[in-house]
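A.B. asks: So the sequence shown is numbered by the numbering used here: it starts at 89 and just counts up by one.
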Amino acid sequence: MVARALERPRRLLLATLLLGVPVAAGLAAGWASSLAQEDLRESARAQLALYNANLRAELERHAAVPLALAQDAEVRALLANPTPGAVDRLNRKLQDIARALDALALYVMDAKGTTVAASNWNSPASFVGENFSYRPYFRMAMDQGEGHHFALGTTSLVPGFYTANRVVAENRTVGAVVLKLGFDRLEAAWTPGQERLLVTDRDGVVFITNVPSWRYHALPRRLPISLPIIPEGTSEGLDVLPWAFGGASDRIALEEKDGQKRYLLTSVAMPGGDWTLHSLTSLDPVTAHAWVAGLLAAAAVAMAALAAYAVALRRVALVERIALQEESRAELERRVAAATADLRAAENELTQAAKLAALGQMSAGIAHEINQPLAAMRSFADNAVVLLERGRLDSVRDNLAEIAELTDRMAAITRQLKGFARRASGTLGPVSVQGAVIQALALLEAKLRREDITVEADLPDQPVRVVAEDVRLQQVLVNLIGNAADAMRGCPVRRLRIGLVAAEGEALLSVADTGGGIAEADLPRLFVPFFTTKEADKGLGLGLSISHGIVEDFGGSLTAANRTGKPGYGAVFTLRLTSAEQPPKEQNQ
89 MVARALERPR RLLLATLLLG VPVAAGLAAG WASSLAQEDL RESARAQLAL
139 YNANLRAELE RHAAVPLALA QDAEVRALLA NPTPGAVDRL NRKLQDIARA
189 LDALALYVMD AKGTTVAASN WNSPASFVGE NFSYRPYFRM AMDQGEGHHF
239 ALGTTSLVPG FYTANRVVAE NRTVGAVVLK LGFDRLEAAW TPGQERLLVT
289 DRDGVVFITN VPSWRYHALP RRLPISLPII PEGTSEGLDV LPWAFGGASD
339 RIALEEKDGQ KRYLLTSVAM PGGDWTLHSL TSLDPVTAHA WVAGLLAAAA
389 VAMAALAAYA VALRRVALVE RIALQEESRA ELERRVAAAT ADLRAAENEL
439 TQAAKLAALG QMSAGIAHEI NQPLAAMRSF ADNAVVLLER GRLDSVRDNL
489 AEIAELTDRM AAITRQLKGF ARRASGTLGP VSVQGAVIQA LALLEAKLRR
539 EDITVEADLP DQPVRVVAED VRLQQVLVNL IGNAADAMRG CPVRRLRIGL
589 VAAEGEALLS VADTGGGIAE ADLPRLFVPF FTTKEADKGL GLGLSISHGI
639 VEDFGGSLTA ANRTGKPGYG AVFTLRLTSA EQPPKEQNQ
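Here's what the structure looks like:
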């Protein structure tokens, strides 16, 4: 039985460990990965905004220099009259400014695009005398007043960002001032970061990055599905970045020394729309969060399954223990029922014996009650014979009527004795209290008359019915009335009072006497079996105990007290019985 009870918990535990743990781990890992990715995306956007602001500040910090020089009188004078002395002075001035700005070059071009002064005037790769009219930044400055362009220097072969401003004198364009910046310092500042950063131009070519091997590579037009990548040349002869598809549109996979790694791609357009700043943020923290959440969920489910299994084991043990207790309880109840039945049978026998004992005690009075009618009947019979001989038929008829009346009286006495002596039925039902009192008084009439006891019965005119059994209620009353008569023997005043009051579903029946009362020390033991205050040959001390048990079987109570609260003024016994308005109940035999 226990093995069968444990089989289901074992199967559930195995199913949970084999199916529930992986499912829970997968769901938790997916949920944690989604949350971690969203957090990482927000963090990457915020970080990218900082890099964007940093790049814009770097550019704007130098943007005013060529604008200011375009308004400089010395520059305008030089472009109007480029004398050797003026050129030398401006060369040195531009050299000092470029050195202070840490710029790659700062130079002035005339309206035809020829450089007339430059900060690198004394270097082998000097711009002086070079014509850059073909460069986009020059054409834009001449047409629009300002031009920007990132390109590889044709003379220096050093890439840089060019900012050009038009120089106007006497309402005509006389040339342009150009500032060339490098991003070495900016890239050095980006290097310690965890992100991989790159800036691309409108053609998708990388020109600023903290990954040197990616510089001058082009963004892939489509991401390859697998690594390694076979570079595809662009229209400018540049290779594409070594990026692979990372599982989503914003996921990039890179082949690194310790294996393939995935990154989150975040991009933002720079002001003007020509440049785009990109950031690659490692997805390793997301993977770590997913693993931790999956492991925690798996551990939680496994622990819950083990806890449920332990609870099931305890439940099985509890069920087994309850079954054993139930068997023990059933066996105990069987034994108690058998013992109760034996006790009930003994009690019934004892009750019957007590009734017979009471009859024995009443035998003298009963014999007197019967002998008197017998003697009278003999006398009437003898008189009837004499009267018959004399022919006095009317007198004979009167004597015979007297004999018949005496016969009825004797039949009533024997009928009462027979009813009192019969065994109780054990069935509770409505019983008239007045009828039971009258029957008990009739049985003890001879004793009460012999003891010269005055009986006062204060009974209501309306019938009062209680839940009881007629014969046993009479037995209780015979015992109480007989005890009261015995208690008043030798007392100057011998008065027995029986009162009955019915109220609130109960009936209170009291039997009071004018005897010596009950000693205070005897009151608690009054209903204990075999306790008696009578002489040894006058009783066994079972009457009150049996009466107390009978009244409790009726669902009532029997109490004793002294009439004035102390001995010497008589005792009173009170029966509290349930009104017969409630349904009757069967007494257990």
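Glycine is no exception: its CB is placed at the ideal position from the N, C-alpha and C atoms.
Does the Cβ of Met-391 have 16 or more other Cβ atoms within 10 Å, making it buried, or fewer, making it exposed?
C.D. replies: Under this definition Met-391 is an exposed residue.
A.B. asks: Kindly identify the DSSP beta-bridge partner or partners of Asn-298.
C.D. replies: DSSP output for Asn-298 lists no bridge partner at all.
A.B. asks: Go through its chain and collect everything with a Cβ distance to His-305's Cβ below 7 Å, but skip five positions before and after it.
C.D. replies: Here the set comprises Val-294, Leu-326, Asp-327, Val-328 and Leu-329.
A.B. asks: Go through its chain and collect everything with a Cβ distance to Gly-643's Cβ below 7 Å, but skip five positions before and after it.
C.D. replies: So the list reads Val-555 and Thr-666, once near-sequence residues are dropped.
A.B. asks: I'd like to know whether the C-beta atoms of Asp-540 and Arg-582 end up nearer to each other than 8 Å.
C.D. replies: Result yes, Cβ atoms of Asp-540 and Arg-582 sit closer than 8 Å.
A.B. asks: Since Val-566 contacts Leu-532 with CB under 8 Å, what's their CB separation in whole angstroms?
C.D. replies: The pair is a contact, with the Cβ atoms about 6 Å apart (cut-off 8 Å).
A.B. asks: Beta-carbon separation of Ala-386 and Ala-124 under 8 Å?
C.D. replies: It is not a contact, given that the beta carbons lie outside the stated cut-off.
A.B. asks: Mapping DSSP to helix, strand and coil, what is Thr-652?
C.D. replies: Looking at Thr-652 - three-state DSSP - the assignment turns out to be coil, as it is neither helix nor strand.
A.B. asks: What is the residue span of the alpha helix (DSSP H) that Pro-59 lies within?
C.D. replies: With the chain covering 89 to 677 only, the question about residue 59 has no answer from this structure.
A.B. asks: So, Tyr-222 versus His-237, is the Cβ gap smaller than 8 Å?
C.D. replies: Against a cut-off of 8 Å, the Cβ pair of His-237 and Tyr-222 comes out as no contact.
A.B. asks: Can you check DSSP and say which residues form a bridge with Ser-249?
C.D. replies: As written in the sequence, residue 249 is Phe, which differs from the Ser given in the question. DSSP, once it has assigned bridges, lists Phe-238 and Leu-269 as partnering Phe-249.
A.B. asks: Hey, quick one: how far does the alpha helix (DSSP H) through Leu-584 stretch, first residue to last?
C.D. replies: From DSSP, Leu-584 is part of no alpha helix (DSSP H) but of the beta strand (DSSP E) over 583-591.
A.B. asks: CB Val-552 to CB Ala-590, shorter than 8 Å?
C.D. replies: Cβ distance < 8 Å, so Val-552 and Ala-590 count as in contact.
A.B. asks: Which residue from Ala-264, Ile-586 and Gly-233 puts its Cα closest to that of Gly-523?
C.D. replies: Nearest option by C-alpha distance: Ile-586.
A.B. asks: According to DSSP, which residues form a beta bridge with Phe-333?
C.D. replies: Its beta-bridge partners are Ile-340.
A.B. asks: Give the straight-line distance between the Cα atoms of Leu-192 and Val-153, rounded to the nearest whole angstrom.
C.D. replies: Cα to Cα, Leu-192 sits roughly 13 Å from Val-153.
A.B. asks: Taking only three categories from DSSP, how would you classify Ala-668?
C.D. replies: Ala-668 falls in the coil class under three-state DSSP.
A.B. asks: Return the first residue and the last residue of the alpha helix (DSSP H) that Glu-544 is part of.
C.D. replies: It is not in any alpha helix (DSSP H) - Glu-544 instead sits in the beta strand (DSSP E) that spans 542-546.
A.B. asks: Cα separation between Arg-664 and Val-639?
C.D. replies: If I take the Cα positions, the gap works out to 8 Å.
A.B. asks: Mind pulling the alpha helix (DSSP H) runs of 4 or more residues that sit fully within the segment 145-209?
C.D. replies: Listed in chain order, they are 161-168 and 172-189.
A.B. asks: Check each candidate in Arg-537, Glu-258 and Leu-143 and name the one with the smallest Cα separation from Ala-161.
C.D. replies: That would be Glu-258, whose Cα lies nearest to the Cα of Ala-161.
A.B. asks: Whole angstroms are fine: how far does the CA of Ala-425 sit from the CA of Ala-418?
C.D. replies: In a straight line, the C-alpha of Ala-418 is about 10 Å away from that of Ala-425.
A.B. asks: Under three-state DSSP, which class holds Val-521?
C.D. replies: In the structure shown, Val-521 sits in a helix (DSSP, three-state: H, G or I).
A.B. asks: Beta-carbon separation of His-150 and Leu-182 under 8 Å?
C.D. replies: Cβ distance not < 8 Å, so His-150 and Leu-182 don't count as in contact.
A.B. asks: Which class does Asn-219 belong to by DSSP, given the choice of helix, strand or coil?
C.D. replies: Residue state, collapsed to three classes: strand.
A.B. asks: Can you tell me whether Gln-563 sits near the ligand NAD, meaning its C-beta is under 7 Å from at least one heavy atom of the ligand?
C.D. replies: Judged by which ligands are present, the structure shown has none, so any question about the ligand NAD falls away.
A.B. asks: Am I right that Gly-235 and Leu-269 are in contact with their C-beta atoms under 8 Å? What's the rounded C-beta distance?
C.D. replies: At roughly 14 Å, the Cβ-Cβ gap does not stay under 8 Å, so Gly-235 and Leu-269 are not in contact.
A.B. asks: Taking only beta-carbon positions, decide if Ala-277 is within less than 8 Å of chain D.
C.D. replies: Structure shown: chain D not included; a single protein chain is present.
A.B. asks: What is the DSSP secondary structure of Val-616, reduced to helix, strand or coil?
C.D. replies: Coil, per DSSP.
A.B. asks: Among all the DSSP beta bridges, which residues are the ones paired with Glu-594?
C.D. replies: BP columns for Glu-594 point to Ala-591 and Thr-666.
A.B. asks: Alpha carbon to alpha carbon, what distance is there between Leu-115 and Leu-106?
C.D. replies: Going by the C-alpha atoms only, they are around 15 Å apart.
A.B. asks: State buried or exposed for Glu-283, treating a residue as buried only when at least 16 other CB atoms are found within 10 Å of its CB.
C.D. replies: It is buried - the Cβ of Glu-283 has at least 16 other Cβ atoms within 10 Å.
A.B. asks: Going by the CB atoms, is the gap between Leu-352 and Leu-128 shorter than 8 Å?
C.D. replies: For Leu-128 and Leu-352, yes; Cβs fall inside 8 Å.
A.B. asks: On the DSSP letters alone, give me the boundaries of the beta strand (DSSP E) that Leu-352 sits inside.
C.D. replies: That run of the beta strand (DSSP E) goes 347-357.
A.B. asks: Apply the 10 Å Cβ neighbour rule to Asp-601 and answer buried if 16 or more other Cβ atoms are within range, or exposed otherwise.
C.D. replies: Counting Cβ neighbours within 10 Å, Asp-601 comes out buried, since at least 16 surround it.
A.B. asks: Return the Cβ separation of Leu-136 and Thr-354 in integer angstroms, given the expectation that the two are a contact with Cβ distance under 8 Å.
C.D. replies: About 5 Å; that satisfies the 8 Å criterion.
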